[in-house]
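Asks:
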Amino acid sequence: MGKELEDALRYGMVHPHAQPIVDLRTGAPLGMELLFRTRPGVLQGIRPDLSINVAEEVGLIDAIGFEMLRGACRLLKEPAIAGSDLVINVNLSVHQLLREDFPDEVAQLLAAEAVDASRICLEITESRWLDPDGPSRVLLNRLVDQGFSLALDDFGTCYASLLRLRSVPFRHVKVDKTFVQEVEESEEAFALCRAMFEMAKAYGIQVTAEGVETPEQRRILEEVGYIRGQGYLFARPTPLEETPALMMELQRSARRAALN
Ligand code: C2E
Ligand code: CA
Ligand code: CA
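Residue numbering for the sequence shown follows our numbering, beginning at -5 and increasing consecutively.
Shown next as C-alpha cells:
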C-alpha cells in the first residue's frame, strides 16, 4: 500500500475532501474539516485512517500533510470562502509536529499563498498529544503565536486531565463521535458529553460534537449547550471543488429556516 500512496502523491491523486462544521441551532456553517481522500480508483476500498497509518509508517505523512495544507490554502482563495469568516481545520500527524522546522515550513507556505493563519485551525488527537514522545508545548505555542488556532481532536478517548488541557492554548476540543453516537441510549455517554462540555466551557474552550447523525442526537447536544457540530446529519465529506457551493447552500438553508 505504501507504493500506491507514493504514486498517489507523485501523480496528483490526493483529493482532499471537506466536511462542514455547523451551528447546531441553525445549521449555518462555521467552518469545515479537511479529510484525506484519493481519487477514484486509487487505494480503492481502503479506509482513510488506514492509509494515514501506513503513510506514517512509510514516511509519507509529511508530504500528505503538506498536500492537505495546500488544499486549505486553495479553498481559502475561493471567493465564497475568502469573503467569509469560515475557518478550515486541518488534521496534523504527530510526525509533522515533531519536526522543529514545521512551523517555519507552514509559515512559508502561507506566505507564498497569501493566506492568513487565523483562517486555519490545526487538529491534533488527544492520544498523540498525551504521548510523552508527542509534540512539545513550545512547538504548539509557536504555532499559536503564528496565528493558527489549535483543536484537541477525539477528546474524551484518553481522559486528558484538566491541568494538561490548560497547558496548551487549545481554542477548541472535538468530542469524539463514540460518545455522540451513544448519547441517546447511554446515560453514561450523555453524562460524559455533558461533563466534557462543562469542562471545556470552564476554560473558555469551544466544543465541537463530532459524528452527529440523527436529529435526536442534535437535539440532546443542543439542550446540553453545544453550539458546534459536525456529522452526516449535516453533510458528508465533499470534494474541495464542490465545497464552496455546499457552504453557500448551508448558509442559504439556515437563512430560509430562520425566516420560517
Ligand atoms: P477524525 O479526524 O476524527 O475525522 C473525523 C472522521 O469521522 C472522518 O473519518 C469523517 O469522515 C468521519 N465522520 C464525520 N461525520 C461522521 C458521522 O456522522 N458518522 C460517522 N460514523 N463518521 C463520521 P475519515 O475521513 O475516515 O478519517 C478518519 C481519520 O483519519 C480521521 O479521524 C483522522 O484521524 C485521520 N485523517 C483523515 N484525514 C487526515 C489528514 O489529512 N491528516 C491526518 N494526519 N489524519 C487524517
Ligand atoms: Ca480530526
Ligand atoms: Ca475526531
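Ideal Cβ positions, reconstructed from N, Cα and C, are used throughout, including at glycine.
Note that the structure is predicted; figures quoted are calculated from it, not measured.
Is Ala145 helix, strand or coil by DSSP?
Replies: Ala145 falls in the strand class under three-state DSSP.
Asks: Could you check what DSSP says for Thr20 in three-state terms: helix, strand or coil?
Replies: Reduced to three states, the DSSP call for Thr20 is coil.
Asks: Only counting runs of 3 or more residues, tell me where the beta strand (DSSP E) segments fall wholly within the segment 53 to 87, in order along the chain.
Replies: Counting whole runs of 3 or more residues, the segment 53 to 87 contains the beta strand (DSSP E) stretches 81 to 85.
Asks: Between which two residues does the alpha helix (DSSP H) carrying Glu120 extend?
Replies: Where Glu120 is concerned, the enclosing alpha helix (DSSP H) stretches over 120 to 124.
Asks: So what does DSSP say about Ile15, is it helix, strand or coil?
Replies: Strand.
Asks: Thinking C-alpha only, which one of Arg93, Leu37, Ser87, Ala111 is nearest Ala66?
Replies: Considering only alpha carbons, the answer is Ala111.
Asks: Nearest-angstrom Cα distance between Leu137 and Ala101?
Replies: The straight-line gap from Cα to Cα measures roughly 9 Å.
Asks: What residue range does the alpha helix (DSSP H) around Gln211 cover?
Replies: From DSSP, the alpha helix (DSSP H) with Gln211 extends over 209 to 218.
Asks: Could you check where the alpha helix (DSSP H) with Ala2 kicks off and where it finishes?
Replies: Ala2 -> alpha helix (DSSP H) spans -4 to 4.
Asks: Checking the sheet assignment: what are the DSSP bridge partners for Gly25?
Replies: BP columns for Gly25 point to Ile15, Val81.
Asks: In chain order, what are the residues with a CB under 6 Å from some non-hydrogen atom of ligand 2?
Replies: Going along the chain, the residues that qualify are Glu27, Asn85, Glu117, Asp147.
Asks: Whole angstroms are fine: how far does the CA of Gly39 sit from the CA of Leu54?
Replies: Rounded to the nearest angstrom, the two C-alpha atoms are 20 Å apart.
Asks: Tell me whether Leu116 sits in a helix, a strand or coil according to DSSP, three-state version.
Replies: Three-state DSSP puts Leu116 in a strand.
Asks: Check whether the segment 158 to 176 touches the segment 194 to 204, counting contact only when three or more Cβ pairs, one atom from each stretch, lie closer than 8 Å.
Replies: At 8 Å Cβ cutoff, the stretches touch.
Asks: When we look at the beta-carbon of Tyr5 and count the other beta-carbons within 10 Å, is it buried (16 or more) or exposed?
Replies: Counting Cβ neighbours within 10 Å, Tyr5 comes out exposed, since fewer than 16 surround it.
Asks: Evaluate contact between the segment -5 to 13 and the segment 46 to 60, counting only Cβ atoms and requiring at least three cross-stretch pairs below 8 Å.
Replies: The segment -5 to 13, when compared against the segment 46 to 60, does touch it at the 8 Å Cβ threshold.
Asks: Count the other CB atoms, across all protein chains shown, that sit within 10 Å of the CB of Tyr220; report buried if there are 16 or more and exposed otherwise.
Replies: With 16 or more other Cβ atoms within 10 Å, it is buried.
Asks: Cβ of Leu234 within 8 Å of Cβ of Ala49?
Replies: Contact: no.
Asks: Given Thr151, which residues of its chain have a CB within under 7 Å of its CB, disregarding the five upstream and five downstream residues?
Replies: Counting only Cβ-Cβ distances below 7 Å, and skipping sequence neighbours, we find Glu120, Ser121, Asp170.
Asks: Report yes if the C-beta distance between Met26 and Pro10 is below 8 Å; otherwise report no.
Replies: In this structure, Pro10 does not lie closer than 8 Å to Met26 by Cβ.
Asks: Could you pull the start and end residues of the alpha helix (DSSP H) that Val36 belongs to?
Replies: No alpha helix (DSSP H) contains Val36, which DSSP labels as neither H nor E.
Asks: Considering only residues of the segment 166 to 193, which uninterrupted beta strand (DSSP E) runs meet the minimum length of 3 residues and lie entirely inside it, listed in chain order?
Replies: DSSP runs (the beta strand (DSSP E)) wholly in the segment 166 to 193: 166 to 169.
Asks: Restricting to Cα atoms, I'd like to know which of Arg19, Arg188, Ser45 is closest to Gln(-3).
Replies: What sits at residue -3 in the sequence shown is Lys, not Gln. Closest by alpha carbon: Ser45.
Asks: Could you give the C-beta distance for Pro42 and Leu29, rounded to a whole number, given that I count them as a contact under 8 Å?
Replies: Sure, about 6 Å apart at Cβ, within 8 Å.
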